[in-house]
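See structure below.
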Amino acid sequence: MFKPQFTYTNSLINHLTLIERLYGQLISEKLIPSLSLKLSEENQILATHYSTSIEGNPLSQREVTNILLGDAIPTNKSELEVKNYFQALNHISVEAKKHKSLSIKLALDLHRLVMHRIDAKQPGLFRNQKVIVGHRGAIGLVVKHDPPFHKAPLIRASLEELFNYINQPSDLNPFIQAGILHHQVAYIHPFTDGNGRVTRLLTAYYLLLHGYEVTKYFILDDYYDIDRLEYSDKLHTADTGSKTEWLEYFLEGISFSLKAALERIKDVTERRIEAIKGDKRVLVSHREEDVLQIVLELKQVKTSDVVKHLQVSRQQAQSLLHNLVDKDILIKLGKTKASWYQLKRKTE
2 MFKPQFTYTN
12 SLINHLTLIE
22 RLYGQLISEK
32 LIPSLSLKLS
42 EENQILATHY
52 STSIEGNPLS
62 QREVTNILLG
72 DAIPTNKSEL
82 EVKNYFQALN
92 HISVEAKKHK
102 SLSIKLALDL
112 HRLVMHRIDA
122 KQPGLFRNQK
132 VIVGHRGAIG
142 LVVKHDPPFH
152 KAPLIRASLE
162 ELFNYINQPS
172 DLNPFIQAGI
182 LHHQVAYIHP
192 FTDGNGRVTR
202 LLTAYYLLLH
212 GYEVTKYFIL
222 DDYYDIDRLE
232 YSDKLHTADT
242 GSKTEWLEYF
252 LEGISFSLKA
262 ALERIKDVTE
272 RRIEAIKGDK
282 RVLVSHREED
292 VLQIVLELKQ
302 VKTSDVVKHL
312 QVSRQQAQSL
322 LHNLVDKDIL
332 IKLGKTKASW
342 YQLKRKTE
């Protein structure tokens with residue numbers, strides 16, 4: 002029976018506390034729908050870039066963005082890998098909404114999506130041969146991992162045991178469980194190729210099932226891509242015995258990704274607000290910035306819109322709007338009882 006071993010170190014506890022605080026801060030950001038959609042799209046593009054980059058894909062972030070947002074048909078392996086991974090990310094977002102548990106079918110479906118039209122790597126099938134994980138060094142092949150099973154029935158059975166364990170109700174923090182899942186799938190190494198990508202997709206799927214909006218708000222792959230060798234080394238520390246060192250690294254990566262997500266939100270918001278302020282360089286309070294975000298979304302706003310979105314009194318809403326008019330950023334239109342506000346054009 003699968004029973005992972007690890008120790009609750011100070012590092013683990015501190016990172017779990019930090020993760021919950023950062024994630025709470027992330028979801029408390031009151032993003033207007035258009036900005037939320039934009040960030041979600043950027044998030045999935047970044048996840049695609051980093052996860053394929055970890056596996057050696059040479060495309061830059063700009064190239065990945067152009068491929069995913071354009072209509073061009075992929076013409077080579079690198080472009081196919083990017084398109085395939087992006088589709089797999091969309092797949093887990095859809096499937097997670099159905100609240101389906103981790104399963105063999107999901108793992109095979111993800112592999113089929115990831116490896117679609119890429120070489121002859123048996124997409125959607127478990128390997129039935131021996132493989133060794135390693136790299137060529139100065140003195141020959143450096144073996145980092147010899148997977149425990151080399152026959153498809155044994156691989157299937159070991160994954161079923163893992164999924165049965167993960168799918169059971171548990172007192173363990175979901176991020177601990179996600180780290181255990183991540184390592185164990187990589188350890189079993191169920192496919193001839195595409196194992197890393199499928200592992201990270203299954204990890205993201207598990208967190209989605211537990212209410213953590215991975216594909217929408219933050220990604221799991223940016224930290225690993227900083228130092229791929231360290232990622233690999235830390236992963237394999239859990240191959241024999243305790244998973245503590247790996248889990249510490251895994252949670253550190255989650256913390257890093259959440260901080261990066263908050264920075265992206267801050268950067269996008271500030272750029273939008275600065276564009277509105279233009280050359281005026283006026284001081285705008287945080288609450289006034291919130292009002293401007295609403296104006297950007299709705300184009301025209303009434304006092305009642307500000308009351309609804311910011312949950313402030315009518316008097317407070319009117320004060321915020323009047324301040325932005327005084328600062329020459331908004332203009333007021335219409336009669337007093339039916340007035341509305343919109344951005345002031347530069348020519349006005």
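For any residue, its number in my numbering is found by taking its place in the sequence shown, counting from 1, and adding 1.
Each residue gets a CB set at the ideal place from its N, CA and C atoms; glycine is no exception.
DSSP, reduced to helix, strand and coil, places Lys338 within a helical segment of the structure shown. DSSP places Lys333 in the strand class (E or B) of the three-state scheme. For the pair of segments examined, the stretch 295 to 313 was found not to touch the stretch 61 to 70: the number of CB pairs separated by less than 8 Å stays below three. Contact between Phe87 and Leu248 does not hold, since their C-beta atoms are separated by about 29 Å, which reaches or exceeds 8 Å. Straight across, the Cα-Cα distance linking Tyr188 with Ile55 is about 17 Å.
Per DSSP, the beta bridge partners of His146 are Val134. Inter-residue distance for Ser286 and Ile14 is about 36 Å (C-alpha atoms, whole angstroms).
Note on the stretch 77 to 109: there is no whole beta strand (DSSP E) run with a minimum of 3 residues.
Straight across, the Cα-Cα distance linking Leu203 with Ile28 is about 22 Å. The way I'd put it, the stretch 149 to 157 does touch the stretch 120 to 132; three or more beta-carbon pairs between them come closer than 8 Å.
Per the C-alpha coordinates, the member of Val326, Lys235, Leu107, Lys39 positioned closest to Leu252 is Lys235. In this structure, the alpha-carbon of Arg273 lies about 11 Å from that of Asp291. Excluding sequence positions up to five before and after Val326, its CB lies within less than 8 Å of the CB of Ile332, Lys333, Tyr342, all in the same chain and listed in chain order.
With at least 16 other beta carbons inside 10 angstroms of its own, Tyr232 counts as buried. Nearest Cα to Val215 within the set Glu271, Asn44, His117, Val132: Asn44. For Ala261, the closest of Asp222, Leu311, Val313 by C-alpha to C-alpha distance is Asp222.
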